[in-house]
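Student: Quick one: this structure, given as structure tokens, is what I'll be asking you about.
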Amino acid sequence: MTDSWSQSPFLRACRREPVEYTPIWLMRQAGRYLPEYRATRAQVSGFLELCQTPELACEVTLQPLRRFPLDAAILFSDILTVPHAMGMELDFRDGEGPVFAKPLRHARDLQSLREPDPEQELRYVLDAVRLIRRELAPTIPLIGFAGSPWTLACYMIEGRGSRDFQHAKSWLYSDPETLTILLDRLVRSLILYLRGQAKAGVQALMLFDTWGGTLTTPAYEQFSLGPMAQIIASLRASPECRDLPIILFSKGGTLWLREMAATGANVLGLDWTVELDRARDLLGDTVAIQGNLDPMALFGSPPLLQAEIRRILAANGGRPGHIFNLGHGITPQTPIAAVELLVETVHNWSA
Ligand code: CP3
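This note's numbering numbers the first residue of the sequence shown as 114 and each following residue consecutively.
The structure is reproduced here in structure tokens:
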């Protein structure tokens, strides 16, 4: 049973092997657009409790797979569990998103941050992985993930989401040394965390760099891509991760695809701004690609949604190494019928 997922279309596409149809999964596929998610969510007091209860995290991970013939599951958790485990008090407020009670504002604020042992402070995540791997069909790969150091630093310094990242970028432009110390700590914590997920049983790892695209090119290379490259190099050298595909997604990072590929990532996530044929021209066949339907296309008419899907499949032109996905996470109001149509259309038209 151990290897029954290795020939799955998802893992074959990660390895750029031919597949009988284009595999598809969706960023944020477990979430508020599903009534069964909202029902499970209502059983607990908050989002963090959902993440911290392995039975419920397992349940919501499996929910989208019961509804749609998706080709991979993604661990239900959040990127901000890591700063939380480092000692930062975290609250997810309805309608407001994540809030850290005491954002990092001075170099001295770093002193209280610990580097978590994943089997201690993040044991609930690894327990969820172990449980999901037992409950999930053995043919379906499970994707583990973490936020990129820069994206986590943005939330830790701002304390919440932001339009302009004034605080985080003030560090970058006034005290890059302290920012580097923070990023180094995140790199070390994330390596241990991702290795922990690999040991617990995931089949692929994804780095979510949601805010890399807010940087200048040199700042992206130094503060976002550099730390991610360190993580990837270290994972490659650790036995439990050596064979796992690594997916790198920098939202807004279309200009830097070649640099991203040079990190040794196996798959690059693409947002919706770039045409797949253009990405392929830039990249050659060095990496697989994942993407890139605009999540808002799911609010369109069925024929125009299908036209978008056809355009993306055509731009890939049948080349091996394409995993269909959205260009960013699915949103809470998305109609379920559109998701059904999407998954069915990708499978049928690519076959
Ligand atoms: O993809 C999946 O289905 C797996 C689960 C997952 C969640 N968050 C669940 C979640 C994953 C992979 C994430 C990653 C994540 N979290 C990112 C990177 C990807 C991206 O979307 O850019 C970021 C930036 C976060 C931080 C975060 N978590 C924000 C900004 C928010 C609030 C915004 C929102 O959509 O409400 C969250 C909360 C969150 N994480 C929810 C879910 C399902 C909604 C909370 C709820 O149910 O109350």
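Glycine included, C-beta positions come from ideal geometry on N, C-alpha and C. Since this is a predicted model, take the numbers as computed values, not measurements.
1) Pick helix, strand or coil for Ser155, following the three-state DSSP scheme.
2) Any heavy atom of ligand 1 within a distance shorter than 8 Å of the CB on Asp207?
3) Tell me whether Ser351, by its Cβ, gets closer than 8 Å to a heavy atom of ligand 1.
4) Under 9 Å, do Gly413 and Leu389 count as touching if we go by C-beta distance?
5) Identify whether Phe213 lies in helix, strand or coil by the three-state DSSP scheme.
6) Which partner residues of Ile74 appear in the DSSP bridge assignment?
7) Report yes if the C-beta of Ser190 is less than 8 Å from at least one heavy atom of ligand 1; otherwise report no.
8) Taking Cβ positions, are Trp462 and Arg423 nearer each other than 9 Å?
9) Alpha carbon to alpha carbon, how far is Asp398 from Gly210? Give it in angstroms, no decimals.
10) For the beta strand (DSSP E) that His435 lies in, which residues bound it at each end?
11) Cβ of Arg218 within 8 Å of any heavy atom in ligand 1?
12) By Cβ distance below 6 Å, which residues in the same chain neighbour Leu217 in space, the five residues on each side in sequence not counted?
13) Quick check on Asp322: buried or exposed, where buried means 16 or more other Cβ atoms within 10 Å of its Cβ?
14) Check whether the Cβ of Tyr286 lies closer than 8 Å to any heavy atom of ligand 1, and answer yes or no.
15) With 16 as the cutoff for other CB atoms within 10 Å, does Thr135 come out buried or exposed?
16) Apart from the five residues just before and just after Leu163, which ones in its own chain have a Cβ nearer than 8 Å to its Cβ?
17) How big is the Cα-Cα spacing for Met114 and Leu239?
18) Quick one, are the C-beta atoms of Arg432 and Arg393 less than 9 Å apart?
19) Helix, strand or coil, according to DSSP, for Ala375 in the structure here?
20) For Gln279, does the count of other Cβ atoms within 10 angstroms reach 16, so buried, or fall short, so exposed?
21) Tell me whether Gln142, by its Cβ, gets closer than 8 Å to a heavy atom of ligand 1.
Tutor: Quick look at the numbers:
1) According to the sequence provided, residue 155 is Ala. The question's Ser does not apply to it. For Ala155, the three-state secondary structure derived from DSSP is coil.
2) Yes, Cβ of Asp207 sits closer than 8 Å to a heavy atom of ligand 1.
3) Between ligand 1 and Ser351, a heavy atom-to-CB distance of less than 8 Å is absent.
4) Not closer than 9 Å, so no.
5) Here Phe213 sits in strand by DSSP.
6) The displayed coordinates of the chain run from 114 to 464. Any statement about residue 74 would go beyond what the structure contains.
7) Correct: Ser190 has its Cβ closer than 8 Å to ligand 1.
8) Yes, Cβ-Cβ distance for Trp462 and Arg423 is below 9 Å.
9) Going by the C-alpha atoms only, they are around 38 Å apart.
10) Following the DSSP letters along the chain, one finds His435 inside the beta strand (DSSP E) bounded by residues 435–439.
11) For Arg218, the CB stays at least 8 Å from every heavy atom of ligand 1.
12) Answer for Leu217: Met269, Ile270, listed in chain order.
13) Per the 10 Å Cβ criterion, buried.
14) Not so, every heavy atom of ligand 1 lies at least 8 Å from the Cβ.
15) Classified as buried, Thr135 has 16 or more neighbouring CB atoms from the shown chains inside 10 Å of its CB.
16) Closer than 8 Å at Cβ, skipping near neighbours: Thr153, Arg154, Val157, Leu169, Ala170, Val173, Phe189.
17) For Met114, the predicted model reports a pLDDT of 47, less than 50, meaning its position is unreliable and no value from the coordinates is stated.
18) In contact: Arg432 and Arg393 (Cβ atoms closer than 9 Å).
19) Three-state DSSP puts Ala375 in coil, outside helix and strand.
20) By the neighbour-count rule (16 or more Cβ atoms within 10 Å), Gln279 is not buried but exposed.
21) Under cutoff, so the answer is yes.
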